[in-house]
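Going down the list, the sequences are from chains A and B. Going letter by letter, the first sequence gives residues 1 to 383 in my numbering. Going letter by letter, the second sequence gives residues 1001 to 1626 in my numbering. Idealized CB from N, CA, C, for every residue including glycine. Below: the structure, in structure tokens.
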Amino acid sequence: MTYFSTRNSSRPFTATAKLVRIHWPVLLTTCVLAAIGTITLYSVSGGSFQPWAERHTLRFLVALAIVVAMALVRLEVWIKLSYPAYAVALLMLALVPVFGVEALGAKRWIEIGQLSFQPSELMKFALVAALARYYLWLPTDRVGRWQYVLLPLLMVLVPVLLTLKQPDLGSAMVFLALGLALMFLAGVPRAYFAVAAVLAFAALPVIWSGLHDYQRRRIEVFLDPGMDPLGAGYHITQSKIALGSGGISGKGFMQGTQSQLDFVPEKHTDFIASIIGEEWGFTGLLFLIAAYAALIAMMTAMAWRSENRYAQLVIAGSATSFFIYVFVNLAMVTGLVPVVGIPLPLVSYGGTAMTTLMVGLGLAMSGYVHGRESRRSNLGPFW
Amino acid sequence: MPDRDDATRERERRFTRRSLILGSAQTAGFLLIGWRLFDLQVLERGHYAPLADENRIDLQILAPRRGRILDDAGRPLADNKEIFSATVTPASAKDLQALLARVRQILPLTDGAVAEIVQRSKKQNRSRPVMIASELTFDELAKLNLFAPSLPGIGTEATWRRRYHGGESIGHVVGFVGSVDRFGVDDDAVLRLPDTRIGKRGVEAGFESVLRGSGGTQKIEVDARGRMVRTLETIEPVHGRDVMLSIDADLQKAVLGRMQRERTAAAVVIDVKTGEIVALVSVPGFDPAAIASGISEAEWRKLATAEDKPLLNRVVSGQYAPGSTFKIVTALAALDAGVVSPDERISCPGHYRLGNRTYPCWKSAGHGDLTIHEALRCSCDVFFYEIARRSGIDKIAAAARRLGLGAIYDFGLTEEKAGIIPDRDWKRGNFNAPWLGGETLLTGIGQGYVQTTPLQLALMTARVAGGRAILPSIEKKTHSIEFAVLPFQPAHLDIVRNGMLAAVNDDGGAAEKARLGSGRPQIAGQAGTAALTARENVAQENGRQNSRRNHAIVVAYTPFDAPRYAIATVIEHTSTSDDTAAPLARDILNLVLDHDDASRIHKNTTGEGVAPPRGTGVPHTTETAG
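Shown next, in the form of structure tokens:
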């Protein structure tokens, strides 16, 4: 009971006041990123809004409207929905092996009537919400006790194991990184993380033997792209050539030879960054990274300004999930990590990841709108 | 409460501290990416730029040629035509207008076409080829290649185009190909080629892995203008294997010709010994050539949403209550369970009582006292209610499965449906309700929950006729397979076979109209009616009057004494089976036998089984070819 009441949310804001309190610069940055996506998709399809650029733009606008709508909903509603959302997501993940639809050799989708969706996507923001909800309830002096560390750890590990079984290595990694980051932010003592790191290192051989053949092959190919120039290695090699040939200033809008000539596969989804790099060069990619960094920095500032623990954690969680997507995607495109199916947020074509991240952002924005007393907090003059 | 405030403040501070640590880690991550990009794009540019532009080594995937689909005589039902198209790469051409002017001396290009090519090459990447003309004649191709050195930027491309022969008669069997919808990182590299077509329906889809083959690779060195300097290494593609089907193009055409007299119908003929499908037709159908040669979206939508569903292969995807044809199953189940003897007489007063409900016989006056043979002949419902009750649902379901119902055979037609053979577990699983006695009665005469496909019914008939658990095959068999003997006593099978013979050949038999003329081989069979369920009736209420009629179903095999062919026919929404589906079954079997005789004479060999005496005065011989 008491943990629902925060100083500010007991006195409701008017809708107009809420609109003013939304962090508009953050939303503006998402618009810039989505616009980069539209421009690149226009270029990829040889100078046409079809088949990708137009749909990408429409999807983003719908997602943006969802963020604003979610931001206006009182934070208590999201707090109350946190555990149920997690429970539903977990149930669906568990049911995927039973009712799931198989696509491309992996069972990840559930079909309900005409709609088909991946429960793992629902879990991405449900996990953040549930962990935030947990630490909202947990008194500060208990955060470090082992029983109270074990419970959130289970909340993270169960979905990780379920998605690993699908198999969906990408989502499992996102859950793990996101969950651990949130526990770290909530104040779990560092000694636990040190122990976990040692255990994980010791378990590497076990993990390797538990991987599927194709996953193992991807890692092997990553280490030696020459062994499979037409398969997974082909992606890495061609992506590197595209980036490298772009140079500092790039070849110019719609002039990329690698990407336009179909050398780069998946160029409209996971490998879209290699096209930006080829056509706009190092400068273009630096601008892209700067936009993401600004987005994440602004969201971190949003978390600092919030006085409600739940709001702090969902905002930080949303920022962290953006970081994970961007980092893993760019590391994959530049050949730093093996190929995993993780798109570039708001830029890659594809509705699933965009919806997930924008719903997370909507949750964070609601936290920001309702989770602080006044316009200016006493944390510091700048923030 | 200063304590609590202190705790809160400490927690805030810790959050800020930790998020700073996390933020530093994230900054480090971005710096790592930035450094990597600097390395790739600025420092290593000298290494990668040449790879992309000058003297680049292109790794091209060589498309395998798709295997052909042949009929049983080796005539192609689906094959490939090589077509050539001409392209221009603007980046390699100095003066596009002048170049196109020279090309016009070889290819007939209109002013409008030239303007469009120029327009398109401006809109897109300059090093991406633009199509000038497709389906070049051999003469045009030769000239283009001859003058190639003076036409920089002009290239020719060869692709395969799928062709189909036989039109609607082979549509549902062969299926068609279409472009690849989506492919992932780990998929076959061949799928990445824009011209690749993969099977979408029928044998094209079912034998995709065999037909496709695997891609080869070619490493070529190209100069700054995209012209080939030399080939460095070539690994030839492995072409797809041809698939020879068990159906015959001529027979399919003849069967289709007969079936087009019906509105919606399905028929399938199976070889009793080998399980090979001899003929398979579902009407209405489609011409795969029309679909493969680029169907417009409007036409496709019309096909896909038409009320009579021309894309539905009713032989494997149509699920119908088997009606009285299921009495074959009930009879065998009862004989096998020992609950009825061959001589036992059961009285039919025209109705049957179970509990406080009455179940009618189709003949309300009743059939009097009947043996199982007589009951099969006149298809008496009351007799089968009684023996179904005595056997129990689980024995009936087991017998149905042994005869091949309720299963998918995965033999190469991808749209196969399993149908339903209900039993206690099925009802518990689907309705969470116990099995009711009345449901056993309905199942016993092939109504209620039972659903079967025409293919399964033909298979059941073939298994009863031949006494072996054959499996269906659409591919022509190169060597004979010995199938297991059915787990029913030969004597019991004989009783059912004789009942089926009587149903066709005795006056007043249930499938009397399936009889062939005198001098022709004898046919044995059974006719059924699939009663539409109440729900279907309501759904059809607004439709045409015709749509509310029941489906007519007939199964049969011939010759009786040396079975070779088993058939199942279904006609949707029609009058009684005996008047519609039975003559259809008779006519098709007639066509099959005629075709058999013709090809035997042609090959001058004697086939398996007993050679049936050649009939005279048969009206349908003119429809067969050969």
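For B:Asn1080, the beta-bridge partners assigned by DSSP are B:Arg1162. Here the alpha carbons of A:Thr269 and B:Phe1084 stand approximately 32 angstroms from one another.
For the region 1026–1053 of chain B, the set of positions with a beta-carbon nearer than 8 angstroms to some beta-carbon of chain A reads Gln1026, Thr1027, Gly1029, Phe1030, Leu1032, Ile1033, Gly1034, Arg1036, Leu1037, Phe1038, Leu1040, Gln1041, Val1042, Glu1044, Arg1045, His1047, Tyr1048, Ala1049, Leu1051, Ala1052 and Asp1053 in chain order. Shown here, B:Val1485 sits in a strand according to DSSP, grouped into three states. The beta-bridge partner set that DSSP reports for B:Pro1360 consists of B:His1351. Shown in chain order are the members of the region 243–257 of chain A whose Cβ falls below 8 angstroms from a Cβ of chain B: Leu243, Gly244, Ser245, Gly246, Gly247, Ile248, Met254, Gln255, Gly256 and Thr257. Put simply, the CB of A:Ile36 is far from chain B, with every gap to its CB atoms at 8 angstroms or more. Secondary structure within the region 1382–1438 of chain B: the alpha helix (DSSP H) runs of 4 or more consecutive residues, fully enclosed, are 1393–1402 and 1424–1431 (chain order). Contact check for B:Val1329 against B:Ala1279 fails: the beta carbons are separated by 8 angstroms or more. Boundaries cannot be given for B:Val1339, as no beta strand (DSSP E) includes it and DSSP labels it neither H nor E.
Per DSSP, B:Ala1279 lies in no alpha helix (DSSP H); the unbroken beta strand (DSSP E) holding it starts and ends at Ile1277 to Val1283. For A:Met183, the closest alpha carbon among the candidates A:Thr140, A:Pro152, A:Leu93 and A:Glu121 is that of A:Pro152. In summary, the residues of the region 319–330 of chain A whose CB is separated from some CB of chain B by less than 9 angstroms are Ala319, Thr320, Phe323, Val326, Phe327 and Leu330, in the order they occur in the chain.
Nearest CB-CB separation between A:Gly277 and chain B: below the 8 angstroms threshold.
Its Cα nearest to that of B:Leu1077, the residue B:Val1174 stands out among B:Ile1291, B:Leu1109, B:Val1174 and B:Leu1376. Collapsing the DSSP output to three states places B:Asp1494 in a helix.
For A:His212, there is no enclosing beta strand (DSSP E), since its DSSP letter is neither H nor E.
DSSP, reduced to helix, strand and coil, places A:Ile36 within a helical segment of the structure shown. Residue burial is scored here from C-beta neighbours: B:Gln1119 has fewer than 16 other C-beta atoms within 10 angstroms and is therefore classed as exposed. For A:Ala293, the enclosing alpha helix (DSSP H) has its first and last residue at Ile272 to Arg305. Scanning the region 1239–1301 of chain B from its first residue to its last, the whole alpha helix (DSSP H) runs of 4-plus residues come out as 1249–1259 and 1288–1292. Each residue's CA atom was taken as its position, placing B:Asp1071 and B:Ile1270 some 15 angstroms apart.
For the 8 angstroms CB-CB criterion, B:Gly1525 and B:Tyr1565 do not form a contact. Contact check between the region 1018–1032 of chain B and the region 144–159 of chain A: fewer than three CB pairs, one atom from each, fall below 8 angstroms, which does not count as touching. Take the alpha-carbon of B:Leu1370 and the one of B:Ser1324: they are about 17 angstroms apart.
For the 8 angstroms CB-CB criterion, A:Arg372 and A:Arg305 form a contact. At a cut-off of 8 angstroms between C-beta atoms, B:Ser1209 does not count as an interface residue with respect to chain A. For A:Gly170, the three-state secondary structure derived from DSSP is helix. Just measuring C-alpha positions, the residue of B:Arg1201, B:Asp1381, B:Val1238 and B:Val1088 sitting nearest B:Phe1286 is B:Arg1201. If you draw a 10 Å sphere on the C-beta of B:Thr1234, you find fewer than 16 other C-beta atoms in it, and that means exposed. Contact holds between the region 64–74 of chain A and the region 19–30 of chain A, because three or more Cβ pairs, one in each stretch, are under 8 angstroms apart. Using a Cβ-Cβ distance cut-off of 8 angstroms, the region 1411–1420 of chain B and the region 1348–1365 of chain B are not in contact, since fewer than three pairs of beta carbons, one from each stretch, lie closer than that value.
For the 8 angstroms CB-CB criterion, B:Tyr1320 and B:Gln1447 do not form a contact. Inclusion of A:Gly144 and A:Val188 in the CB contact set at 8 angstroms is warranted, their separation being smaller than that value. The CB of B:Gly1178 never comes closer than 7 angstroms to any CB in chain A; the least such distance is about 16 angstroms.
Contact note: A:Ala194 does not reach chain B at a C-beta cutoff of 9 angstroms; the least C-beta distance is about 14 angstroms.
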